[in-house]
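Okay, so here's the structure we're looking at.
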Amino acid sequence: MSGKINLVLAGLLVLCALSVVKAQYIARHLFIDLEALQQQARQLDIDWAQLQLDQSTLGKNARIEQIARTDLNMTPLTPARTQYLTEGTK
Amino acid sequence: MKRAGDNKKGERVAASKGVKFSTSPLLAVRLPSWRSRVVLFVLFAAFAALAGRAMWLQAVSRQFLQKQGASRYERTLELPATRGKIMDRNGQVLASSIPVKAVWAIPDDVLAEPPEKLKKLAALLEMSEAELRKKLDSDRTFVYLKRQVEMDVIDKINKLDIDGLDTRKEYKRFYPQGEVMTHMVGFTNVEDVGQESMELAQQKTLVGATGSRKVIKDRLGHIVEDVGLSKEPHDGKDLTLSVDSKLQYIAFTSIKEAVEKFHAKAGAAVVLDVHTGEVLALANWPTYNPNDRTKLTGEQLRNRVITDTFEPGSTLKPFTVALALDTNRVKPTTLFDTTLSGRIMVGDKPIRDTHPHGVIDVSTIIQKSSNIGVSKMALAMPPQEMWEMFTKSGFGQAPRFGFPGAVAGRVRPYKSWRPVEQANMSFGQGISVSLLQLARSYLIFARDGDIIPLSFQKVTEKPVGQQVISPKTAAEVRAMLETVVLPGGTATQAQVPGYRVGGKTGTAQKVINGRYSQSHYIGSFAGIAPMSDPRFVIAVMVDDPVGAIHTGGGVAAPTFAALAANALRAANVPPDSNVTEILKSENLEED
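Protein chains in written order, with the numbering used here: chain A, 247 to 336; chain B, 710 to 1300.
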């Protein structure tokens, strides 16, 4: 009788051991995925910072003014030729 | 079971012709009994040796072996922290760190590579081959070839596949606004440590804390597990400055144009927000590009708004008048005789006006900027009260706005004032202030008589002011300041189309070798705009303009006007004046 129990337990033990191996294997894979995603997140952060920089560089007032003046032939507006509309007045 | 076996044996007996296997004579040979003991002993000894070895590995050399094992798969990774970004009040990035790499080499290994590879490497590192070889000609085993190399170049270098060449991660700080914003933002050195301005002042909050983690890597270099404690990296905090990129650009271009137009040595401008005390713009010329500091000189580096003091000259007159008004000694209409000769004696020293004005009221004294008028007013007041007025307005006081290199200026203790010195101080001589202090002090006129602390960071709470003069006095002085820019005033060129503005000019002779120079001046203007509901205090300083025009009214006032006009428009301030066209009069009064 005890022999049978031992047999069953031994079988279970083997199964458990195998599942531990399997779980560890899966865990490692998930961990590698996690790492890759974290790396991707960091890279995206860097890209974001880079894009913000680019935006700031391209949006430089000096550059905009130059383009407005030379490429688009714009001139600064003056109050003399500006119609001001104020809410609540006639 | 046994029985069945016996049966089989029986059959086998039959097969081997009646001779029993177990009784084979061959097997009957008796061996000496010691031989089996020897075998037994050897086996036992072998097992004992194994057990001993196991014991040895497990117990005695365990630490050594674990260390060796760990060094084969465990790695401690440094987790770098990024330095915080610096942004303007609208979230535009002014400074940001991007990861780059430092290229280093083991000289002997690199020199063993074929020469064409070195040539390509030198080209990628933007140096000549000779320079590269010079760097490699070293006894050391570690040589930096170039620092802060951008990633796309690194990729190309990696493709060359040079032995003994490696890279190290580091950060490079970029300043997209460049020279326009640099006196506000500052810069960091190659180690990402703040060196100037806000980068230096806020170093502690900007810098992050690097972290580390211990991991196990597999043979492919993948991280498979975290082991032990890991330290989280903390990125530096982002910093939002009070500065407005648009206003900064306007201030910068205005001051740059002024310096070039008047052939001045330098110039500076500052714009303050009247309601919050925020520094909206702070511009200097000459300036420098923080992204390329190879040819940086001290002149360029100098932040004149904050670190330079000068004699403010007539821009200080409103303070003397405000004190006289506030203590009810005079009214705006009180008349003073400024003499027809334009000259009075205080002790044995003369005080002069450039033009004689005769008998004029207090308001006209400010409008015409009469030295004699304010001197007479000042001499009727005790020095202590004047000193207190100056001190409360922030002159001679250590600035507390957390900016490196900020100076206190100088106001001598009132006990040592002689009457002529008191008279001189009433129109801004014998006293020194920084442009920022001057701008801040004008807040008492722009606001209702109170002064608030300045801030270089965005302000979210309403600042608490300290009352210096009564709201009534502030309004009276404001009215006088407005007359200065109107026809008959010293700064008609400060007029802004569409807006009511006011301010005061100042022309100070520079002190050269301890004496007042007759040919070197600093022209300044401190103004408020718009007058109906002040939004900005703007102070402009032009250092050493060369040519016929050198007064505050001539060089600083038009700069103020250009700056204020664009700033008001950029900030969408509704116009408060119907005057939209201004005829420029060249007929300037001296101040």
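Every residue, glycine too, gets a C-beta built ideally from N, C-alpha and C.
As the structure is a computational prediction, the values presented were derived from the model and not from experiment.
Are residue i and residue j closer than 9 angstroms when you measure CB to CB?
| i | j | result |
| --- | --- | --- |
| Leu1277 (chain B) | Arg1244 (chain B) | yes |
| Glu787 (chain B) | Ile925 (chain B) | no |
| Ala967 (chain B) | Val979 (chain B) | no |
| Asp1035 (chain B) | Thr1182 (chain B) | yes |
| Ala1266 (chain B) | Gln1202 (chain B) | yes |
| Pro942 (chain B) | Tyr880 (chain B) | no |
| Ile863 (chain B) | Lys810 (chain B) | yes |
| Pro1284 (chain B) | Pro1239 (chain B) | yes |
| Ala1235 (chain B) | Val1220 (chain B) | no |
| Ile1081 (chain B) | Gly1051 (chain B) | yes |
| Arg1109 (chain B) | Gly986 (chain B) | no |
| Phe971 (chain B) | Val1264 (chain B) | yes |
| Ile1237 (chain B) | Tyr1123 (chain B) | no |
| Leu1147 (chain B) | Met1095 (chain B) | no |
| Thr303 (chain A) | Gly1207 (chain B) | no |
| Lys1077 (chain B) | Val1177 (chain B) | no |
| Phe1099 (chain B) | Ile1231 (chain B) | no |
| Pro1041 (chain B) | Glu1191 (chain B) | no |
| Ala814 (chain B) | Leu752 (chain B) | no |
| Lys1004 (chain B) | Phe1045 (chain B) | no |
Tell me which residue opens and which closes the beta strand (DSSP E) that residue i is part of.
| i | result |
| --- | --- |
| Leu786 (chain B) | 783–788 |
| Gly920 (chain B) | 920–926 |
| Tyr853 (chain B) | 852–858 |
| Pro1065 (chain B) | Looking at the DSSP string, Pro1065 (chain B) is not in any beta strand (DSSP E), and its letter there is neither H nor E. |
| Leu956 (chain B) | Leu956 (chain B) -> not in any beta strand (DSSP E); alpha helix (DSSP H) instead, spanning 954–970. |
| His1248 (chain B) | Checking the sequence shown, residue 1248 (chain B) turns out to be Ala, not His. First-last of the beta strand (DSSP E) with Ala1248 (chain B): 1245–1252. |
| Phe1154 (chain B) | Careful: Phe1154 (chain B) lies outside any beta strand (DSSP E), inside the alpha helix (DSSP H) at 1152–1155. |
| Phe1045 (chain B) | 1044–1046 |
Could you check where the alpha helix (DSSP H) with residue i kicks off and where it finishes?
| i | result |
| --- | --- |
| Gln1131 (chain B) | 1128–1135 |
| Thr1268 (chain B) | 1266–1279 |
| Tyr884 (chain B) | First-last for Tyr884 (chain B): undefined, no H or E at that position. |
| Met1054 (chain B) | First-last for Met1054 (chain B): 1052–1055, but that is the beta strand (DSSP E), not the alpha helix (DSSP H). |
| Ile1178 (chain B) | Looking at the DSSP string, Ile1178 (chain B) is not in any alpha helix (DSSP H), and its letter there is neither H nor E. |
| Ala763 (chain B) | 742–764 |
| Phe1110 (chain B) | Here Phe1110 (chain B) belongs to no alpha helix (DSSP H), and DSSP marks it neither H nor E. |
| Val916 (chain B) | Element bounds for Val916 (chain B): n/a, residue is neither H nor E. |
| Asp870 (chain B) | Asp870 (chain B) -> no alpha helix (DSSP H), and no H or E assigned at all. |
| Met1086 (chain B) | 1080–1088 |
| Leu1010 (chain B) | 1007–1010 |
| Pro1027 (chain B) | 1026–1035 |
| Thr1016 (chain B) | 1013–1016 |
| Lys844 (chain B) | 838–845 |
From the DSSP output, which residues share a beta bridge with residue i?
| i | result |
| --- | --- |
| Pro808 (chain B) | B:Tyr880 |
| Tyr1225 (chain B) | B:Val1220 |
| Thr1214 (chain B) | B:Phe1234 |
| Glu987 (chain B) | B:Ser1164 |
| Trp1096 (chain B) | Answer is none; Trp1096 (chain B) lacks a bridge partner. |
| Glu941 (chain B) | BP columns for Glu941 (chain B) are empty, so no partner. |
| Tyr1208 (chain B) | B:Val1205 |
| Asn993 (chain B) | B:Ala977 |
| Glu934 (chain B) | B:Ile925 |
| Asp337 (chain A) | Look at the range of chain A in this structure, 247 to 336, and you will see that residue 337 (chain A) is not part of it. |
| Asp796 (chain B) | Looking at the sequence shown, residue 796 (chain B) is not Asp but Met. Paired residues: B:Val802, B:Thr949. |
| Gly903 (chain B) | B:Thr897 |
| Val1142 (chain B) | B:Phe1019 |
| Pro1319 (chain B) | There is simply no residue 1319 (chain B) to check, as chain B begins at 710 and stops at 1300 in what is shown. |
Compute the beta-carbon to beta-carbon distance between residue i and residue j, rounded to the nearest angstrom, for a pair I have assumed lies under 8 angstroms.
| i | j | result |
| --- | --- | --- |
| Pro1021 (chain B) | Ala1217 (chain B) | 7 angstroms |
| Gly1212 (chain B) | Ile1160 (chain B) | 17 angstroms between Cβ atoms; not a contact. |
| Thr919 (chain B) | Ala790 (chain B) | 5 angstroms |
| Ser1233 (chain B) | Gly1215 (chain B) | 4 angstroms |
| Val1193 (chain B) | Thr1199 (chain B) | 6 angstroms |
| Leu948 (chain B) | Gln911 (chain B) | 5 angstroms |
| Gly1261 (chain B) | Ser1079 (chain B) | The Cβ separation is near 15 angstroms, so there is no contact. |
| Val802 (chain B) | Gln298 (chain A) | 5 angstroms |
| Pro816 (chain B) | Ser847 (chain B) | 5 angstroms |
Check the Cβ of residue i against every Cβ in chain D and list those closer than 8 angstroms, keeping chain order.
| i | result |
| --- | --- |
| Pro1206 (chain B) | Included in the structure are the protein chains A and B, with no chain D among them. |
Residues of the stretch 267–301 of chain A whose Cβ lies closer than 7 angstroms to any Cβ of chain B, in chain order: Arg274, Phe277, Ile278, Glu281, Ile292, Ala295, Gln296, Gln298, Leu299
Using a Cβ-Cβ cutoff of 7 angstroms, what residues of the stretch 945–979 of chain B are near chain A? List them in chain order. Ser954, Lys955, Tyr958
Select from the stretch 883–909 of chain B all residues with a C-beta closer than 8 angstroms to any C-beta belonging to chain A, and list them in chain order. Phe883, Pro885, Gln886, Gly887, Val889
Under 7 angstroms, CB to CB, which of the residues in the stretch 920–949 of chain B have a partner in chain A? His931, Ile932, Val933, Glu934
Closer than 9 angstroms, Cβ to Cβ, to anything on chain B: give me those residues from the stretch 311–326 of chain A, in chain order. Glu311, Pro322, Leu323, Thr324, Pro325, Ala326
With 8 angstroms as the limit, tell me which residues of the stretch 794–817 of chain B have their beta carbon closer than that to any beta carbon of chain A; keep them in chain order. Lys794, Gln801, Val802, Leu803, Ser805, Ser806, Ile807, Pro808
May I ask you to list, following chain order, the residues of the stretch 982–997 of chain B that have a beta carbon less than 8 angstroms from some beta carbon of chain A? none
When you check each C-beta in the stretch 1158–1182 of chain B against every C-beta of chain A, which residues fall closer than 7 angstroms? none
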